[in-house]
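*Asks:* I'd like to ask some things about the structure below.
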Amino acid sequence: MPSAGVSISDVERLDPAAVRLLPMLYVAWADGVLSDRELETISQKVRQQSWLDDRSRDTLCALLDPAARPTAQQLCAIRSVIRRFGAGLPAAGARSLAQLGAELARADAGEPSAEAAQALAEIEDSLGVIGPEAVQELVAAAAPEPPLEEAAPRFDVAAMTRVLDGKQAEARGEVRRLLREPTFRHTYGLETPTYRERVLSWARFVAVRGLGSLSYPKEYGGRNDLRGFMATFETLAYFDLSLVVKYGVQFGLFGGGLHQLGTRRHHDRYLRDAGTLDLPGCFAMTETGHGSNVRDIETTAQFDRATDEFVINTPNQSARKDYIGNAAQHGRLAIVFAQLVISDENYGVHAFLVPIRDDDGTVCDGIGIEDCGEKLGLNGVDNGRIWFEDVRIPRENLLDRFGQVGADGEYTSAIAGASPRFFTMLGTLVGGRISVAGAALSAAKVGLTIAIRYGAARRQFGPSGKVEQVLLDYRTHQRRLMPRLATAYAVHFALDDIADRYANRTDDDQREIETRAAGMKAFSTWETVTTLQECREACGGAGYLAVNRFAALKADTDVFTTFEGDNTVLMQLVAKGLLTEFKQEFAEMRLYSVVRYLGQRAATAVTELNPVVTRLTDEDHLRDPDFQLAAFRYREERLMSTAAQRLKRRIDEGMDSFAALNECQDHLVTLARASVERVIAERFVERVRQTQDGMLVGVLRTLSDLFALSRLEADRGWFLESGYFAPNKAKAIRDLVNQICAETRTHAIPLVDAFAVPEESLGAPIAFRA
195 MPSAGVSISD VERLDPAAVR LLPMLYVAWA DGVLSDRELE TISQKVRQQS WLDDRSRDTL
255 CALLDPAARP TAQQLCAIRS VIRRFGAGLP AAGARSLAQL GAELARADAG EPSAEAAQAL
315 AEIEDSLGVI GPEAVQELVA AAAPEPPLEE AAPRFDVAAM TRVLDGKQAE ARGEVRRLLR
375 EPTFRHTYGL ETPTYRERVL SWARFVAVRG LGSLSYPKEY GGRNDLRGFM ATFETLAYFD
435 LSLVVKYGVQ FGLFGGGLHQ LGTRRHHDRY LRDAGTLDLP GCFAMTETGH GSNVRDIETT
495 AQFDRATDEF VINTPNQSAR KDYIGNAAQH GRLAIVFAQL VISDENYGVH AFLVPIRDDD
555 GTVCDGIGIE DCGEKLGLNG VDNGRIWFED VRIPRENLLD RFGQVGADGE YTSAIAGASP
615 RFFTMLGTLV GGRISVAGAA LSAAKVGLTI AIRYGAARRQ FGPSGKVEQV LLDYRTHQRR
675 LMPRLATAYA VHFALDDIAD RYANRTDDDQ REIETRAAGM KAFSTWETVT TLQECREACG
735 GAGYLAVNRF AALKADTDVF TTFEGDNTVL MQLVAKGLLT EFKQEFAEMR LYSVVRYLGQ
795 RAATAVTELN PVVTRLTDED HLRDPDFQLA AFRYREERLM STAAQRLKRR IDEGMDSFAA
855 LNECQDHLVT LARASVERVI AERFVERVRQ TQDGMLVGVL RTLSDLFALS RLEADRGWFL
915 ESGYFAPNKA KAIRDLVNQI CAETRTHAIP LVDAFAVPEE SLGAPIAFRA
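Residue numbering for the sequence shown follows our numbering, beginning at 195 and increasing consecutively.
Given below as structure tokens:
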């Protein structure tokens, strides 16, 4: 019974004219959103229809009785009646419910009168539904799902890969071929000891291929190829990040420390074995109580003239070496950073070679080692803590490239001051930050490859009666993934540039490169964390399965934001570097030069803040790289100027520089991020201009626009507040970002394919091709 006193047979015996109302009555209940009052309104309209006979009118009103709501089975029965009456009607065409009802009754009742047609329209309007969609759901069978087929790429994917690989195509290709070998396969659920041994075996496999010693001199088994080493580190991150960290600790930090901080005798004795992993080592810098503050570590290396030895000690619990890779299980020799003390005179932080295990793996006397245990991720790396108690090492174990101690205990160095000497030592290790940024980016590329491929294959929801729509065709899905894809390309080119500069650095640009590397490391690793979270969510429950890689990718990259320098600290370092340059610019100018410079800046500001310019919204203007870069530069320069003013005001009022910096930290971090985004945008625009292939130029320009405009959109509050954007311009940028997301979606699959993540390394079933 659909309603009290009304049977299915009553419905089937309705006068043909009354059948016109049946679709609307079905929707009134099936929609489930009409109130009792709304149902009563529709019922009153039905009672007023003189073209209905009394029996049909009573039956229809009974069907609208709120006190006798039909069951699900009864609704299905009514729908069956409608479909039976409508058998043979064409499925195509947009109809209203009133039109459908008229077609159902036409064979027996003819066309409705003008009075009936108006009444049908009024009743449908009372339902408050979109009629054609309701009709589609009511009478149309679900469309068969067509085979998924992305449009053919509009550019040469292999050519795009060559652009991404750049000068390091050979090194990256060699690693990709290596990762396709059966040795390198993902296994889930390994216990930590087993996983650590698996990672060690992978690292040995890489070393056998000569990829561990890439950056070392040829006489020690290397190829003198620092850029190749960095590219190898980056590309290994397509596979397993514990392997990447093990590789970096052994061959980059330990071997690289020997190479960069040591001299010939250290190289001759240790460097070849470090490159083959015959000598597993550690890089013991970080201490429990000091973290990023390496200059104030507490471990001491006291020189004993009587024995010509250094005595290494951990004076207290906070001075223990913490989180040291290779320490818990595999390492035999450690590069230990300690305060060099001679006759109670502290010469600052230096690096020393300290044996921690014998050849058979027995911990050496005076050495205490503790396993850090299970971590959030990277459990294939044996992180440990190390203590030293009166550990004696020969004087020759000082890595003495930048400071030497003679047999008489005399200290000499070409760099007189402890502070510049310290920063010179650390400057040789800047490549680690660039490499970490690149590895993080590789993890983001893996996540984007998985999520975008899945989004182009997974269907969900869609118009009634039609095939469900693929996720990647939804604007929200495009919004969450396309700007991140553009950012991955942007960061790739910026990192490629800073890596090249680092490999060919000179004394003149060393400090700028250090600052740039710090900012890129922070930006890339933060971006990776948010990108992987977005990608995981975009894959729904499938992304939560370990086999689809996000569990490991998210867990393993999380710590990238804090090792090789805490990101917030690094961003403060960037800001300090910028302010130093800002100060030096004015210090080195004569008075008339300063006046001229300020006059030029004022003229530029007047031009950029012209009411007409701030309100320009046409697409050509917004997609003009000159406009985009001008906006980034304006933001950075204004933030730098206002930060300098805030700091100067506090210092003029008697506040010490540390307290002044502390009060302005939020401003400084904002300045640093603005500077990094400006650099990335500039490098992207430059790379687009350098590209010769016309098809690639178009796609890269689209990505460059999306990166720049999405970043400007994200900070539109600042631009509106500063008067650089008028509200209509901010809205136009938002609309254009939507448009460019849709443009990028058409290239999304070939764009992630161009990352060339080996299918064997991908290991994600939801990303496999059919």
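Each residue gets a CB set at the ideal place from its N, CA and C atoms; glycine is no exception.
Bear in mind the structure is a predicted one, so any value in this text is a computation, not a measurement.
May I ask which residues mark the beginning and end of the beta strand (DSSP E) holding E539?
*Replies:* As a position in the sequence shown, residue 539 is number 345, starting the count at 1. Segment 539–549, the beta strand (DSSP E) holding E539.
*Asks:* Assuming E728 is part of the alpha helix (DSSP H), what are its boundary residues?
*Replies:* The sequence position of residue 728 within the sequence shown is 534, counting from 1. Per DSSP, E728 belongs to the alpha helix (DSSP H) from 704–732.
*Asks:* If we call anything under 8 Å between Cβ atoms a contact, is F504 one with L437?
*Replies:* As a working mapping, residue 504 is identified with position 310 in the sequence shown. As a working mapping, residue 437 is identified with position 243 in the sequence shown. The answer is no: Cβ separation not under 8 Å.
*Asks:* Can you find the residues in the same chain that come closer than 7 Å, C-beta to C-beta, to E590, ignoring five residues on each side of it along the sequence?
*Replies:* For the purposes of this step, residue 590 is taken as residue 396 along the sequence shown, with counting starting at 1. Around E590: R459.
*Asks:* Within 8 Å, do at least three Cβ pairs link the region 765–775 to the region 670–684?
*Replies:* No, because fewer than three Cβ pairs between the region 670–684 and the region 765–775 fall closer than 8 Å, the two stretches do not touch.
*Asks:* Where C858 and D565 are concerned, what is the direct C-alpha to C-alpha distance, given to the nearest angstrom?
*Replies:* As a working note, residue 858 is residue 664 in the sequence shown. As a working note, residue 565 is residue 371 in the sequence shown. If you take the alpha carbons of C858 and D565, they lie about 39 Å apart.
*Asks:* With a cut-off of 8 Å, do at least 3 Cβ pairs link the region 544–554 to the region 527–535?
*Replies:* Yes: at least three Cβ pairs fall under 8 Å.
*Asks:* Quick one: any contact between the region 631–647 and the region 932–952, if contact means 3 or more CB pairs under 8 Å?
*Replies:* The region 631–647, when compared against the region 932–952, does touch it at the 8 Å Cβ threshold.
*Asks:* Mapping DSSP to helix, strand and coil, what is F919?
*Replies:* For this step, residue 919 is matched to residue 725 along the sequence shown. In this structure, F919 counts as coil in the three-state DSSP scheme.
*Asks:* Classify H453 as buried or exposed, calling it buried when 16 or more other Cβ atoms lie within 10 Å of its own Cβ.
*Replies:* Against the sequence shown, residue 453 aligns to sequence position 259. Classification of H453: buried, given that the 10 Å Cβ count is 16 or more.
*Asks:* Please report the residue range of the beta strand (DSSP E) in which F966 lies.
*Replies:* With the chain covering only 195 through 964, there is no way to say anything about residue 966.
*Asks:* Among the residues of its own chain, which have a CB less than 7 Å from the CB of I236, if the five just before and after it don't count?
*Replies:* The residue you call residue 236 lines up with position 42 of the sequence shown. Cβ within range, chain order: A222, L258, I317, S320.
*Asks:* Along the beta strand (DSSP E) that carries E564, what are the first and last residues, could you check?
*Replies:* In the sequence shown, residue 564 corresponds to position 370, counting from 1. From DSSP, the beta strand (DSSP E) with E564 extends over 561–565.
*Asks:* Under a Cβ-count criterion, where at least 16 other Cβ atoms within 10 Å of its own Cβ denotes burial, should C270 be classed as buried or exposed?
*Replies:* To locate residue 270, count along the sequence shown from 1; it is residue 76. Counting Cβ neighbours within 10 Å, C270 comes out exposed, since fewer than 16 surround it.
*Asks:* What do you get for A521, buried or exposed, if any count of 16 or more other CB atoms within 10 angstroms of its CB means buried?
*Replies:* Mapped onto the sequence shown, residue 521 falls at position 327. Per the 10 Å Cβ criterion, buried.
*Asks:* Got a sec, what are the start and stop residues for the alpha helix (DSSP H) Y683 sits in?
*Replies:* As a working mapping, residue 683 is identified with position 489 in the sequence shown. Unbroken alpha helix (DSSP H) run through Y683: 669–697.
*Asks:* Measuring alpha carbon to alpha carbon, tell me which of T606, E662, E708 ends up nearest F617.
*Replies:* Against the sequence shown, residue 617 aligns to sequence position 423. Nearest option by C-alpha distance: E708.
*Asks:* When we look at the beta-carbon of K842 and count the other beta-carbons within 10 Å, is it buried (16 or more) or exposed?
*Replies:* As a working mapping, residue 842 is identified with position 648 in the sequence shown. When all chains shown are included, K842 counts as exposed.
*Asks:* Express the C-alpha separation of T722 and S395 in angstroms, rounding to a whole number.
*Replies:* Working through the sequence shown from its first residue, we reach residue 395 at position 201. Working through the sequence shown from its first residue, we reach residue 722 at position 528. About 27 Å.
*Asks:* Counting only the same chain and skipping the five closest in sequence on each side, list residues whose C-beta sits under 6 Å from that of S955.
*Replies:* For this step, residue 955 is matched to residue 761 along the sequence shown. For S955, where only same-chain residues beyond five positions count, the Cβ hits under 6 Å are L373, Y432, F433.
*Asks:* For R586, which option in R579, D594, Y605, I561 has the closest C-alpha, if you only look at C-alpha atoms?
*Replies:* Here residue 586 refers to the residue found at position 392 when the sequence shown is read from its first residue. Comparing Cα-Cα distances from R586 to each of R579, D594, Y605, I561, the minimum goes to I561.
*Asks:* Assuming the contact rule is C-beta atoms closer than 8 Å, A468 and G449 should be a hit. Round their C-beta distance to whole Å, please.
*Replies:* In the sequence shown, the residue the question calls residue 468 occupies position 274. In the sequence shown, the residue the question calls residue 449 occupies position 255. Rounded, the Cβ-Cβ distance is 4 Å, consistent with contact.
*Asks:* Give the secondary structure of P387 by DSSP, where H, G and I count as helix, E and B as strand, and everything else as coil.
*Replies:* For the purposes of this step, residue 387 is taken as residue 193 along the sequence shown, with counting starting at 1. P387: helix per DSSP, three-state reduction.
*Asks:* Alpha carbon to alpha carbon, what distance is there between N510 and H461?
*Replies:* As a working mapping, residue 461 is identified with position 267 in the sequence shown. As a working mapping, residue 510 is identified with position 316 in the sequence shown. Taking the straight line joining both Cα atoms gives about 33 Å.
*Asks:* Taking all protein chains shown into account, do 16 or more other C-beta atoms lie within 10 angstroms of the C-beta of A337, making it buried, or fewer, making it exposed?
*Replies:* Stepping through the sequence shown from its first residue, residue 337 is reached at position 143. Low per-residue confidence applies at A337: pLDDT is 48, beneath 50, and the placement is therefore not dependable enough to give any value.
*Asks:* Indicate, with yes or no, if the ligand MN has a heavy atom lying under 7 Å from the CB of G734.
*Replies:* Of the ligands one can find in the structure shown there are none, so the ligand MN has no counterpart to examine.
*Asks:* So, for M759: in the same chain, excluding its five sequence neighbours on each side, which residues have a beta-carbon less than 7 Å away from its beta-carbon?
*Replies:* As a working mapping, residue 759 is identified with position 565 in the sequence shown. A quick correction: the sequence has Gly, not Met, at residue 759. Same-chain partners within the cutoff: S486, R627, A712, K715.
*Asks:* Tell me whether the beta-carbon of I580 lies closer than 8 Å to the beta-carbon of A478.
*Replies:* Working through the sequence shown from its first residue, we reach residue 580 at position 386. Working through the sequence shown from its first residue, we reach residue 478 at position 284. Cβ distance < 8 Å, so I580 and A478 count as in contact.
*Asks:* Take D516 as the anchor and find which of E481, V535, H524 has the nearest alpha-carbon.
*Replies:* Looking up residue 516 in the sequence shown gives position 322. For D516, the nearest C-alpha among the options comes from E481.
*Asks:* So with Cβ pairs under 8 Å, would you call Q242 a contact of chain D?
*Replies:* The chain labelled as chain D is not found in the depicted structure, where only one protein chain is given.
*Asks:* Is it true that the CB of A961 sits closer than 8 Å to the CB of R647?
*Replies:* The residue labelled residue 647 in the question sits at position 453 within the sequence shown. The residue labelled residue 961 in the question sits at position 767 within the sequence shown. Taking 8 Å as the Cβ cut-off, R647 and A961 qualify as a contacting pair.
*Asks:* Cβ atoms of F826 and E871: under 8 Å apart, would you say?
*Replies:* Locating residue 871 in the sequence shown gives position 677, counting from the first residue. Locating residue 826 in the sequence shown gives position 632, counting from the first residue. Against a cut-off of 8 Å, the Cβ pair of F826 and E871 comes out as a contact.
*Asks:* Would you tell me roughly how many angstroms separate the C-alpha atoms of S439 and A942, rounded to the nearest one?
*Replies:* For the purposes of this step, residue 439 is taken as the residue at position 245 of the sequence shown. For the purposes of this step, residue 942 is taken as the residue at position 748 of the sequence shown. Reading off the sequence shown, one finds Val at residue 439, where the question assumed Ser. The straight-line gap from Cα to Cα measures roughly 30 Å.
*Asks:* For the structure I just gave you, are there three or more beta carbon pairs, one from the region 383–395 and one from the region 359–373, closer than 8 Å?
*Replies:* The region 383–395, when compared against the region 359–373, does not touch it at the 8 Å Cβ threshold.
*Asks:* When you compare the CB positions of Y389 and G574, do they come within less than 8 Å of one another, or not?
*Replies:* For the purposes of this step, residue 389 is identified with residue 195 of the sequence shown, where counting begins at 1. For the purposes of this step, residue 574 is identified with residue 380 of the sequence shown, where counting begins at 1. Yes, these two residues count as a Cβ contact at 8 Å.
*Asks:* In this structure, what does DSSP give as the bridge partners for F531?
*Replies:* Looking up residue 531 in the sequence shown gives position 337. A545, per the DSSP bridge assignment.
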